[in-house]
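Those sequence lines, one after another, are chains A and B. Position 235, counted from 1, in the first sequence is what our numbering calls 224; the numbers after and before it change by one each time, with no gaps. Position 56, counted from 1, in the second sequence is what our numbering calls 272; the numbers after and before it change by one each time, with no gaps. Positions of the beta carbon are idealized from the N, C-alpha and C atoms, including for glycine.
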Amino acid sequence: MSDVLPIIPPDASDSLAVLEGSRSTAETFGIPLAVLLEITHRCPLQCPYCSNPVELDRSGKELTTDEWKKVLSELAEIGVLQVHFSGGEPTARKDLVELVKHASDVGLYTNLITSAVLLTRERLSELADAGLCHVQISFQGIEGGLADRVAGYKGGHRKKLEVAKWTRELDLPLTVNAVMHRQNLHQLPDIIQMSVDLDADRLEVANVQYYGWALKNRAALMPTVEQLDETTRIVEEASERLKGRLTIDYVMPDYYALRPKKCMGGWGRQFFNISPAGKVLPCHAAESITGLDFESVRSNHSIAWIWQNSDAFNRYRGTGWMKEPCKSCEFREIDFGGCRCQAFALTGDAANTDPACALSPLHETIFKQAEREAEGETNRFLYRNFAGGTLESGNDA
Amino acid sequence: MAGPRNISVNEASRPVLPRHAKLKYDDTRKVWVILAPERVLAPDEIAVEVLQLCDGQRSVGDLSDQLAVKYAAPREAILADVIVMLQDLADKGFLTEIREKT
């Protein structure tokens, strides 16, 4: 999920160097420090920007409890330090407590990335006892009206507030994840205040990244340039004001950037995730690129082997695969040509320059299109579900 | 309930890592790390030594005594360095302290 990437910390002080991106990963493709586990695609919410693939894994394909435990043991053994239990909605798995317990037992630091709506106080308490280290709860807005509409789930917002309170009562650190887009950006100042009131340690202000479901909903979600400038101003002001109280991590939407993002820190360089069915992926959206064959933890290969040797990981690693204008670009090892999934979705070839880059021949066209869409001809969502999406009824301008 | 935040480290503080910050030896990379939400920090040798003494029982004064003896160094200099280091960690949210119940 674009909103839950292992975030490279912005600063490092004297006695506390930051490991990510320094000695452990770059160049050698050492095993990543943190791995995202999408343990199920099932979710009661239907957010129109869901980062899961449009083709969701059905529950029958999901790894079993024993298979996930084996994965967790293997990850710990090869040097992974943190795992993020994500989805779909990870609490939809009945064995979540057992999996968290196993992860703790083998020495992994565990994060839960949840919509919170299925949690009871008792289950959260069991998760804490099982060794859970951190809880991240997604919020879709500041009040039920808009938030529940975005999530396509009545009563969800109220439940999230309740679970956030339990989280802090159980002495678990809390991150508020707020995915922002044209229809909720006006609520950002209140979302920041809500995070303070909920006693959160971190707030992720994550602008929607447009692949998969979000790409289908781009016309209903794309913010205007003015909205984004205002957002940046609000985040900067709040970060300064709340220093030491609330850490704010900010993810910009890349459509309005001149330079593309260094997606995933570069393909196969410092990140992988495991899908519900056990596929080892260079990013959560990678399956949207057709023609790549992703190996599974159910194969005869070890996870370390898949990371180092599989064709899918090596295909876009480094710079050897690049075409112009990336190939001779001075920034080629800074941003690695942006996002492969976005390049594929918008140009049909994952080896093309990500059109978010101003050097892409398609940049101008796409920017103009985004601007037009941001004018807001439609606010109607296509909700995410196993049926390929359902169009929102009765909400169009 | 959660330990206090925004703590001000002094000689009498009895610091401890909060439950979400875990000090661990990373056997693969052969370094000590602090695991925290969405962060992996690599404390230097001195920080590791100090943090291993932060058990919520010892005060900052106690652990400075211990380090002064071990390194045959002036206690006041050690105390000052320890306070700066721990305050930095506390400001980042990776240190709390045990307080008497009132």
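{"Query": "For Trp310(A) and Ser317(A), the rounded distance between their alpha carbons", "Result": "12 angstroms"}
{"Query": "Chain-ordered residues of the segment 99 to 125 of chain A with a beta carbon less than 7 angstroms from chain B", "Result": "Asn100, Cys122, His123"}
{"Query": "Among Leu159(A), Asn173(A), Ser184(A), Arg47(A), nearest to Asn166(A) - alpha-carbon criterion", "Result": "Ser184(A)"}
{"Query": "8 angstroms Cβ cutoff, Arg462(A) in contact with chain B", "Result": "A question about residue 462(A) goes unanswered here, because the residues of chain A that appear run from -10 up to 386."}
{"Query": "Counted within 10 angstroms of its Cβ, other Cβ atoms place Asn341(A) as buried (16 or more) or exposed", "Result": "buried"}
{"Query": "For Lys90(A), the nearest candidate out of Glu66(A), Gly365(A), Cys346(A), Cys122(A) (CA to CA)", "Result": "Cys122(A)"}
{"Query": "Length of the line joining the Cα atoms of Ser4(A) and Phe325(A)", "Result": "The predicted position of Ser4(A) is uncertain, since its pLDDT is 43 and thus under 50; a value taken from the coordinates is nonetheless stated next. Straight-line Cα distance between these residues: approximately 31 angstroms."}
{"Query": "Beta-ladder partner(s) of Asn166(A), from DSSP", "Result": "Ser127(A), Glu193(A)"}
{"Query": "With 16 other Cβ atoms within 10 Å as the buried cut-off, status of Tyr372(A)", "Result": "buried"}
{"Query": "Short Cβ contact (8 angstroms threshold) for Leu70(A) with Val249(B)", "Result": "yes"}
{"Query": "Residue-level contact to chain B via CB, Leu70(A), 8 angstroms cutoff", "Result": "yes"}
{"Query": "Beta-carbon neighbours of Gly280(A), restricted to chain B and to distances below 8 angstroms", "Result": "Ordered by position in chain B, no residue passes the 8 angstroms Cβ test against Gly280(A), which lies about 33 angstroms from the chain."}
{"Query": "Burial state of Arg361(A) (16 or more Cβ within 10 Å)", "Result": "exposed"}
{"Query": "Beta-carbon contacts of Glu87(A) that lie in its chain and below 7 angstroms, excluding the five residues immediately before and after", "Result": "Thr54"}
{"Query": "CB contact below 8 angstroms: Gly144(A) versus chain B", "Result": "no"}
{"Query": "Cβ of Pro231(B) within 8 angstroms of any chain A Cβ", "Result": "no"}
{"Query": "Start and end residues, beta strand (DSSP E) containing Asp304(B)", "Result": "Here Asp304(B) belongs to no beta strand (DSSP E); instead the alpha helix (DSSP H) covers 291 to 307."}
{"Query": "Environment of Asp0(A) [buried if 16+ CB atoms lie within 10 Å]", "Result": "Any reading at Asp0(A) needs caution, since the residue's pLDDT is 35, under 50, leaving its predicted position unreliable; the model's value is listed next. The residue is exposed, with fewer than 16 neighbouring Cβ atoms inside 10 Å."}
{"Query": "Cβ pair Leu135(A), Asn196(A) closer than 8 angstroms", "Result": "no"}
{"Query": "Interfacial residues, the segment 25 to 46 of chain A to chain B, with Cβ spacing under 9 angstroms", "Result": "none"}
{"Query": "Proximity winner among Gln176(A), Leu187(A), Val139(A), Ala105(A), relative to Lys149(A) (alpha-carbon distances)", "Result": "Ala105(A)"}
{"Query": "Residue nearest to His236(B) in terms of C-alpha spacing, selected from Ser62(A), Leu247(A), Thr279(A), Val124(A)", "Result": "Val124(A)"}
{"Query": "Distance CB(Arg157(A))-CB(Ala81(A)) smaller than 8 angstroms", "Result": "no"}
{"Query": "Nearest neighbour of Thr221(A), chosen from Tyr245(A), Ala209(A), Trp202(A), Ala208(A) [CA to CA]", "Result": "Tyr245(A)"}
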